[in-house]
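Asker: What follows is a structure written as structure tokens; I'll ask about it next.
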């Protein structure tokens with residue numbers, strides 16, 4: 279299955295309903311970059327009139343995970359993928375539309391290629407930056423993905 283924004287968003291509806299109902303959507307996907315947005319609304323609010331940190335993390339993780347899924351699909355191999363560590367930093371209240379961008383496609387490709395050659399698992403650290411409608415960074419997330427060719 280070729281991974282596209284439409285297919286990922288449909289997959290989310292059936293397999294990640296919390297993401298779908300919270301308003302998370304994959305906006306664009308290239309060989310190197312994935313862009314995911316989520317809008318502040320009643321479903322993903324916190325008591326402080328901003329977006330709950332976990333809703334931001336969900337969108338940030340999606341921006342990294344969809345790139346991993348795409349590279350696995352391109353490799354024509356079975357590859358296990360698992361988040362083994364996550365960190366987040368928050369700089370401003372998340373209100374309105376927040377766009378998370380990850381540009382780690384090349385890192386993922388290299389890790390999968392290395393795992394194919396060595397048969398060992400590889401770890402790749404991917405950063406996703408969340409920016410509000412005013413162009414201000416509201417949060418950054420780092421996800422450590424473990425990848426291993428089966």
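In my numbering, the protein residues as written are 279 to 428. All C-beta atoms, glycine included, are put in the ideal place defined by N, C-alpha and C. Computed from a predicted model, the values in this text were never measured in an experiment.
Identify which residue in 305, 394, 367 and 322 has its Cα closest to the Cα of residue 299.
Answerer: Ranking the options by Cα distance to residue 299, first place goes to 322.
Asker: Within a Cβ cutoff of 6 Å, which residues of the same chain sit near residue 418, ignoring the five residues on either side of it in sequence?
Answerer: These residues qualify, in order along the chain: 367 and 407.
Asker: Looking at C-alpha atoms only, which residue of 386, 302 and 318 is the closest neighbour of residue 337?
Answerer: Comparing Cα-Cα distances from residue 337 to each of 386, 302 and 318, the minimum goes to 302.
Asker: Check for me: the alpha helix (DSSP H) holding residue 374 runs from which residue to which?
Answerer: From DSSP, residue 374 is part of no alpha helix (DSSP H); its letter is neither H nor E.
Asker: Residues in the same chain with beta-carbon distance under 6 Å from residue 427, minus the five sequence neighbours each way, listed in chain order, please.
Answerer: So the list reads 355, 357, 393 and 394, once near-sequence residues are dropped.
Asker: Can you list, in chain order, the residues of its chain whose CB lies under 6 Å from that of residue 314, leaving out five sequence neighbours each side?
Answerer: Here the set comprises 304, 337, 340, 341 and 378.
Asker: What residue range does the beta strand (DSSP E) around residue 368 cover?
Answerer: Run containing residue 368: 357-368, per the beta strand (DSSP E) assignment.
Asker: Between residue 376 and residue 402, how many whole angstroms is the CB-CB distance? I'm expecting something under 8 Å.
Answerer: No, residue 376 and residue 402 are not in contact; Cβ-Cβ is about 24 Å, not under 8 Å.
Asker: Please tell me whether residue 344 and residue 389 are closer than 8 Å, where the distance is taken between their beta carbons.
Answerer: For residue 344 and residue 389, no; Cβs fall outside 8 Å.
Asker: Can you tell me whether residue 421 is buried or exposed, with buried defined as 16 or more other CB within 10 angstroms of its CB?
Answerer: Result: buried.
Asker: Taking the runs of the beta strand (DSSP E) that are 3 residues or longer, which of them lie wholly in the region 377-415?
Answerer: Entirely contained in the region 377-415, the beta strand (DSSP E) runs reaching 3 residues are, in chain order, 400-409.
Asker: Do residue 380 and residue 405 have their C-beta atoms closer together than 8 Å?
Answerer: Going by C-beta atoms, residue 380 is nearer than 8 Å to residue 405.
Asker: Would you kindly report the start and end of the unbroken beta strand (DSSP E) that includes residue 316?
Answerer: Here the beta strand (DSSP E) through residue 316 covers 312-317.
Asker: Under the rule that 16 or more other beta-carbon atoms within 10 Å means buried, what is residue 425, buried or exposed?
Answerer: Result: buried.
Asker: Tell me which residue opens and which closes the alpha helix (DSSP H) that residue 341 is part of.
Answerer: Segment 331-353, the alpha helix (DSSP H) holding residue 341.
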